[in-house]
Each structure stands twice: as C-alpha cells, then as structure tokens.
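Colleague: In our numbering, the protein residues as written are 126 to 271.
Handing you a structure now.
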C-alpha cells in the first residue's frame, strides 16, 4: 500500500488514465482482486462537462470498434468475466445515468485480460493514430494490419 492508502494498481489506473486522456482529469479507483481465472472488470462512474444521456452513450458504444454493448434491463442482462473469455472485445453493460452528480454516467466493463491486454491495446492505438494521420511511420517502415 502507498502512503495515501491506495494500492499500486489503483495508483496505476489514475496515472495511466491521466497520461492517456488529460493530466487534469480527476480519477479515483478502487481495485479488488476476486477469484476469477480470466478477466478484468470495472465499475466505472463518469462525470462529464456536458450532458450525455444513457441512450446516447449506448449508441456511441455500439459504434465503437472493439466494444460490444450487452445491456439488457433484466436479470442476467449484463456481461460477466466468464462470458468474455477468449474474446478480444471489451464488453460494456449497465449503462445508466448517475443522479448523484451533474452529467454523470455509470457503466460496467469487462474484458479478457489475456486477450485484450496492454500489447493489443498498444497496437490498436498505434493503428488508429496512423490511420488518422496523428503519427507517421518512420522512413523505410510500412503500416501492417493486425
């Protein structure tokens, strides 16, 4: 544990999120190890500058590459770590508005950490940056599809 009571994993989530999105973004995390063979799961609470309805968030998530929205408002209508094993997708469920904060959403996110981990994410981010022209391959190198 660190001096502030957080774990290294919680610290890493905060630091990496700020590094990827925005150094000024406010992030808090609680990480708990649970006995599953495969998978990472996150309960995510987001507070945004502008309003985004749960329905609009679901539409955006449905169109996001690599994301599978599995969000049925019924018993068993959400994804669990067992159901994502062997899949490269990131599964999102339980998308709903958070009435405790202005412009807030809650969602549940699950992925197979052995398939969709840091290496695959890094490759996909690099491909996106290349496709959008944010980065250019060095001379003599060519883009490859993965």
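Note that the Cβ used here is the ideal one computed from N, Cα and C, for glycine as well.
Predicted model only: the values in this text are computed from it and were never measured.
#1: Can you name the residues that DSSP bridges to residue 231?
#2: Please confirm if the segment 251-260 is in contact with the segment 225-233, defined as three or more CB-CB distances below 8 angstroms between the two stretches.
#3: Can the beta-carbon of residue 246 be found less than 8 angstroms from the beta-carbon of residue 163?
#4: At what residue ranges does the segment 170-219 contain a whole run of the alpha helix (DSSP H), taking only runs of 4 or more?
#5: Taking the alpha helix (DSSP H) that residue 140 belongs to, which residues open and close that run?
#6: Quick one: using the 10 Å Cβ neighbour count with 16 as the cut-off for buried, is residue 235 buried or exposed?
#7: Hey, would you say residue 210 sits closer than 8 angstroms to residue 194, going by beta carbons?
Modeller: Taking the structure as given:
#1: When beta bridges are read from the DSSP output, residue 231 appears opposite 170 and 221.
#2: Taking 8 angstroms as the limit for Cβ pairs, the verdict is that the segment 225-233 does not touch the segment 251-260.
#3: No, Cβ-Cβ distance for residue 246 and residue 163 is not below 8 angstroms.
#4: Qualifying alpha helix (DSSP H) stretches, in chain order: 179-188 and 206-209.
#5: In the DSSP assignment, residue 140 falls within the unbroken alpha helix (DSSP H) covering 133-145.
#6: With 16 or more other Cβ atoms within 10 Å, it is buried.
#7: For residue 210 and residue 194, no; Cβs fall outside 8 angstroms.
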